[in-house]
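Working notes, structure below.
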Amino acid sequence: MRFRIKPECIDAALADFRDAGVEPDRIEARPEEGEVAVEFHRLTYDDAAKLVRAFNPEYSAIIGVIGGPPFED
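Residue numbers (full-length UniProt numbering): 1 to 73.
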């Protein structure tokens, strides 16, 4: 699962994800695109649900799911 976060919101987003108990696998600044990509790999359904509940839509309007099936353990 990839979240595309506004750079000015990245600290708050990471704090929310960590409060939910799920650590990102990759964080990549993309200044040319005006975003920071935060990726979580090999999520369980429970962890994916925690991330969705923790995500504040004001951080970004885009949520992209990569790979498939995205929530395999």
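Cβ coordinates follow ideal geometry from the N, Cα and C atoms, glycine included.
Since this is a predicted model, take the numbers as computed values, not measurements.
Annotation: K50 to E32 spans about 30 Å, alpha carbon to alpha carbon. I27 is classed as exposed because its beta carbon has fewer than 16 other beta carbons within 10 Å across all chains shown. Given a length threshold of 3 residues, each whole run of the beta strand (DSSP E) inside the region 1 to 30 is given here in chain order: 2 to 5, 26 to 30. Boundaries cannot be given for Y59, as no alpha helix (DSSP H) includes it and DSSP labels it neither H nor E. In the same chain as N56, and ignoring 5 residues on each side of it, no C-beta atom comes closer than 6 Å to its own.
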